[in-house]
């Protein structure tokens, strides 16, 4: 049986890699992937804490499934926005977003 600490280490690494990617990337798609990493680390925490604290109940898994559904919808909307930005600017770099104000 895998101990709780191993799941938390993986989740923490995913969280910090996502935060690092969010603050250092200049491409909108890379930033979106970083946000998805952060959300997936939260989903792992939901499932793991449910398994170790309340093994007979499924609330953590339902929260994780709900979060995955919300993140899928968020990703679809974000990709649609990114495609629209690309059609207008022919670039998806963050530094060029000031051109949308004009």
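Residue numbers (our numbering): 13 to 114. Beta carbons: idealized from backbone N, C-alpha and C, even for Gly.
Inset, instruction - Could you name the residues that DSSP lists as bridge partners for residue 69? - result: As a first step, residue 69 must be located in the chain shown, where it is residue number 57. In the DSSP output, where bridge partners are listed per residue, residue 69 has none listed.
Inset, instruction - Determine the burial state of residue 16: buried for a count of at least 16 other Cβ atoms within 10 Å of its Cβ, exposed for fewer. - result: Residue mapping note: residue 16 aligns to position 4 of the chain shown, counting from 1. Exposed, because fewer than 16 other Cβ atoms sit within 10 Å of the Cβ of residue 16.
Legend entry - residue 39 (DSSP reduced to helix, strand or coil): Counting from one through the chain shown, the residue named residue 39 turns up at place 27. Strand.
Legend entry - Buried versus exposed, by CB contacts within 10 Å (16 or more), residue 14: Translated into the one-based positions of the chain shown, residue 14 becomes position 2. Exposed is the call here.
Legend entry - Nearest-angstrom Cα separation, counted from residue 47 out to residue 58: For this step, residue 58 is matched to residue 46 along the chain shown. For this step, residue 47 is matched to residue 35 along the chain shown. Rounded to the nearest angstrom, the two C-alpha atoms are 17 Å apart.
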